[in-house]
RNA sequence: UGUCCGAUGGUGUAAUGGUAACACAGCUGGUUUUGGUCCAGCCGUUCAAGGUUCGAAUCCUUGUCGGACAACCA
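Numbering (my numbering), first residue to last: 132 to 701.
Printed below as a string of structure tokens:
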């Protein structure tokens, strides 16, 4: 099964209304801006793994380029060598490809532009638009003012061009300690926009960079690098999240000093992805990893792309989900059930149905000849005729799900109980004649049934019975580990409480490991990443970390919709 | 007491001056050898008040509520 197969879902754009970004772009196109060229970029910082919120940006950046016959660059925003690692770069590239996008040969790094940015800084100094400030971070911060009060100008603001040039050179030579001096743009300390109050554009960091080594002792701030990098790359539309809206005037100010034509990237901000029952900030995800609340960035409970992939989510289901939630300027909270719906929708069409009993209860069919066995045919996927069929071994002793038997069942329980008849899926109708119980513990040990040989599946003889159960032949089943995942948090907005830390809302039952599951023999050869529907239970995927050849470990991606559990609650 | 940005069912989006639509969730019921899938049905006078207009979710004004902004992070 391929994750990246495009279905018609992604191709019905002609009937779909444009989002506000596409509208802006089509306006620009109709006005002939940038010679009708469309060029976007996805600019991650390589300081963590990509999560589903990044996927929203990726789908937009690459999607817009695809839709309008343009290009999308991948650019690593690597301006802070103290936080960034090559491991992250590799995972980011893998995740983008997995989602089904490609940047061809346009893999760029902000560090590629360090020299150009430095030259631009020198240029600003020469124009009297930048200065070296000798004050400490604390003092600079105090002088910045507040959103309602203007800041005050630094005493170093009007140094001579020569002195500024000299000091910048010495900063970069490593002659000063980290934090001793910074380079600031000379904009407006009284601006109502805090970002315009003489922002810091270079700081001293005596840290080797993963690409430039020890060449630099000063590194540009993000705000001094990002907009210009877009400009250097000829980006026409810089799409980013809402919080950068207030940065836009500063980016424009820098480009004003830099540009030599009418061209300038147009920044458009959209809402970030928020999901119920999870957290999305990289800082918080990093905390979950570092403090071992999860097993790593790719823990199947994480909203990271590697986590979702390991959980069994398909790339298409994530893309469809993102398509459904849309892009607006309203800070929305998206219901996780829509993501779950998207993966069920995709897997329903693609995943073969198989027999797996997670909590086994033995059933002995007393009138089935001892030692006899037969192969019963079963359809692989009723939603996909192409999927064909296979056979299932059947014999006198089988396992059913413990929950499918009740000693004293209520009226609406359509499963097995004393004297009741149920169908075994793709096999026979059986009737419960008796059962053995451990009176100490109350545990049901075995159930004794008779089968009706006339009711074999496909024989045409079928009485109406209310329930159909999944099962595996005891003799042919093999034991496997199955991991049931639930939501990582039991609160809708774990990081939305002012007085409580999000860690307090961790769901203690987010992972249940079952070691004694009975699986049909065909599953023995399942390969890493392969996806199935365990009949009546949910969608499961072969774990790519713990599985061994011949000994697959299964992750539950998502349970099937469960009407019975709702009836039970009433 | 600042600047910027928002507000349409429980949730997310659409309607771009002309009958408020779609999806998810929830609730009914039907089909079913998965209590799955599928099918049918139910669930909103668009934050408020004024204005413009034959006509306003849409345009204007004022207000209310929410978010962002004061890292040598990105």
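Using N, Cα and C, we set each Cβ at its ideal position, and we do this for glycine too.
Would you kindly report the start and end of the unbroken alpha helix (DSSP H) that includes residue 196? Start at 1 with the first residue of the first chain, and residue 196 comes out as number 65. Counting along the chain, the alpha helix (DSSP H) containing residue 196 begins and ends at 183-198.
Span of the beta strand (DSSP E) around residue 417: On the first chain, residue 417 is found 286 positions in, with the first residue counted as 1. In the DSSP assignment, residue 417 falls outside any beta strand (DSSP E) and lies within the alpha helix (DSSP H) extending over 413-421.
For the beta strand (DSSP E) containing residue 660, list its first residue and its last residue. If you number the first chain from 1, residue 660 lands on position 529. Where residue 660 is concerned, there is no enclosing beta strand (DSSP E), given that its DSSP letter is neither H nor E.
Residue(s) in a DSSP beta bridge with residue 591: Along the first chain, read from residue 1 onward, the residue named residue 591 stands at position 460. The partner list for residue 591 (beta bridge, DSSP) is empty, contrary to what the question assumes.
Span of the beta strand (DSSP E) holding residue 520? Here residue 520 refers to the residue found at position 389 when the first chain is read from its first residue. Counting along the chain, the beta strand (DSSP E) containing residue 520 begins and ends at 520-526.
Buried or exposed: which applies to residue 487, given that a residue is buried once 16 or more other Cβ atoms fall within 10 Å of its Cβ? In the first chain, residue 487 corresponds to position 356, counting from 1. Its Cβ being crowded by 16 or more others within 10 Å, residue 487 is buried.
Residue 620 and residue 408 - do their beta-carbons sit closer together than 7 angstroms? Locating residue 408 in the first chain gives position 277, where the first residue counts as 1. Locating residue 620 in the first chain gives position 489, where the first residue counts as 1. The answer is yes: Cβ separation under 7 angstroms.
Could you check what DSSP says for residue 669 in three-state terms: helix, strand or coil? By 1-based counting over the first chain, the position of residue 669 is 538. Residue 669: strand per DSSP, three-state reduction.
Entirely enclosed beta strand (DSSP E) segments - the region 570-656, minimum 3 residues: 575-583, 609-616 and 642-650
Kindly give me the distance between the Cβ atoms of residue 529 and residue 485, rounded to whole angstroms, as I take these residues to be in contact under 8 angstroms. Taking the first residue of the first chain as 1, we reach residue 529 at position 398. Taking the first residue of the first chain as 1, we reach residue 485 at position 354. Actually they do not touch by this definition, with Cβ atoms about 15 angstroms apart.
Whose C-beta lies closer than 8 angstroms to the C-beta of residue 428 among residues of the same chain, with five residues either side of it excluded? Here residue 428 corresponds to residue number 297 of the first chain, with the count starting at 1. Same-chain partners within the cutoff: 179, 180, 222, 416, 420, 435, 437 and 438.
With distances taken between CB atoms, is the gap from residue 511 to residue 483 smaller than 7 angstroms? The residue given as residue 511 occupies position 380 in the first chain. The residue given as residue 483 occupies position 352 in the first chain. Yes, Cβ-Cβ distance for residue 511 and residue 483 is below 7 angstroms.
Evaluate contact between the region 551-561 and the region 627-640, counting only Cβ atoms and requiring at least three cross-stretch pairs below 8 angstroms. no
Pick helix, strand or coil for residue 326, following the three-state DSSP scheme. Within the first chain, numbered from 1, the residue matching residue 326 stands at position 195. In this structure, residue 326 counts as helix in the three-state DSSP scheme.
Could you check the C-alpha separation between residue 166 and residue 194 for me, to the nearest Å? Taking the first residue of the first chain as 1, we reach residue 166 at position 35. Taking the first residue of the first chain as 1, we reach residue 194 at position 63. So the two alpha carbons sit approximately 20 angstroms from each other.
For residue 172, which of helix, strand or coil comes out of DSSP? Here the question's residue 172 lines up with position 41 in the first chain. Residue 172 falls in the strand class under three-state DSSP.
Quick one, are the C-beta atoms of residue 209 and residue 240 less than 7 angstroms apart? If you number the first chain from 1, residue 209 lands on position 78. If you number the first chain from 1, residue 240 lands on position 109. Against a cut-off of 7 angstroms, the Cβ pair of residue 240 and residue 209 comes out as a contact.
Could you give the distance in angstroms between the alpha-carbon of residue 505 and the alpha-carbon of residue 526? The sequence position of residue 505 within the first chain is 374, counting from 1. The sequence position of residue 526 within the first chain is 395, counting from 1. If you take the alpha carbons of residue 505 and residue 526, they lie about 7 angstroms apart.
Residue from 251, 453, 423 and 623 with nearest C-alpha to residue 363: If you number the first chain from 1, residue 363 lands on position 232. Checked all of 251, 453, 423 and 623; the closest Cα to residue 363 is 251.
Over what stretch of residues does the beta strand (DSSP E) that includes residue 366 continue unbroken? In the first chain, residue 366 corresponds to position 235, counting from 1. Run containing residue 366: none; DSSP gives neither H nor E here.
Alpha-carbon spacing of residue 537 relative to residue 497, whole angstroms: As a position in the first chain, residue 537 is number 406, starting the count at 1. As a position in the first chain, residue 497 is number 366, starting the count at 1. Roughly 20 angstroms between the two C-alpha positions.
CA nearest to the CA of residue 325, picked from 371, 347, 379 and 300: In the first chain, residue 325 corresponds to position 194, counting from 1. Here the closest residue by C-alpha is 379.
Given 8 angstroms as the limit, is there contact between the region 465-478 and the region 398-408, that is, 3 or more CB pairs closer than that? yes
Is it the case that the Cβ atoms of residue 177 and residue 155 are separated by a distance below 7 angstroms? As a first step, residue 177 is located in the first chain; it is residue number 46 there, counting from the start. As a first step, residue 155 is located in the first chain; it is residue number 24 there, counting from the start. The answer is no: Cβ separation not under 7 angstroms.
Three CB pairs or more closer than 8 angstroms across the region 255-272 and the region 298-317: yes
Is the beta carbon of residue 649 sitting closer than 7 angstroms to the one on residue 690? Taking the first residue of the first chain as position 1, residue 649 is located at position 518. Taking the first residue of the first chain as position 1, residue 690 is located at position 559. Contact flag unset, no.
Just to confirm the assignment, what range does the alpha helix (DSSP H) spanning residue 292 have? By one-based count along the first chain, residue 292 stands at place 161. Per DSSP, residue 292 belongs to the alpha helix (DSSP H) from 292-303.
Where does residue 474 sit, in a helix, a strand or coil, going by DSSP? Along the first chain, one-based indexing puts residue 474 at 343. The answer is helix: DSSP assigns residue 474 an H, G or I state.
For residue 112, collect the residues of the same chain with a Cβ closer than 7 angstroms to its Cβ; drop the 5 residues on either side in sequence, then sort them by chain order. Shown here, the chain extends from 132 to 701; a query on residue 112 therefore has no answer.
Supposed contact pair residue 402 and residue 356 - C-beta distance, whole angstroms, cut 8 angstroms: Against the first chain, residue 356 aligns to sequence position 225. Against the first chain, residue 402 aligns to sequence position 271. With a Cβ gap of about 24 angstroms, residue 356 and residue 402 do not count as contacting.
Roughly how many angstroms separate the alpha carbons of residue 361 and residue 299, rounded to a whole number? Numbered from 1 along the first chain, position 230 holds the residue referred to as residue 361. Numbered from 1 along the first chain, position 168 holds the residue referred to as residue 299. When rounded, the distance between both Cα atoms is 25 angstroms.
Less than 8 angstroms between the CB atoms is what I'm expecting for residue 259 and residue 317, so what's the real figure, rounded? As a working mapping, residue 259 is identified with position 128 in the first chain. As a working mapping, residue 317 is identified with position 186 in the first chain. Sure, about 7 angstroms apart at Cβ, within 8 angstroms.
Taking three-plus beta-carbon pairs below 8 angstroms as touching, is the region 454-463 in contact with the region 671-689? no
Which residues in the same chain have their Cβ closer than 7 angstroms to the Cβ of residue 453, if we skip the five residues on either side of it in sequence? Mapped onto the first chain, residue 453 falls at position 322. The beta carbon of residue 453 is closer than 7 angstroms to those of 186, 187 and 190 in its chain, skipping five residues each way along the sequence.
Would you report the Cα separation of residue 697 and residue 553, rounded to the nearest angstrom? Along the first chain, one-based indexing puts residue 697 at 566. Along the first chain, one-based indexing puts residue 553 at 422. Taking the straight line joining both Cα atoms gives about 21 angstroms.
Quick check on this structure: which residue in 173, 616, 304 and 442 has the alpha carbon closest to the alpha carbon of residue 661? Stepping through the first chain from its first residue, residue 661 is reached at position 530. Ranking 173, 616, 304 and 442 by Cα distance to residue 661 puts 442 first.
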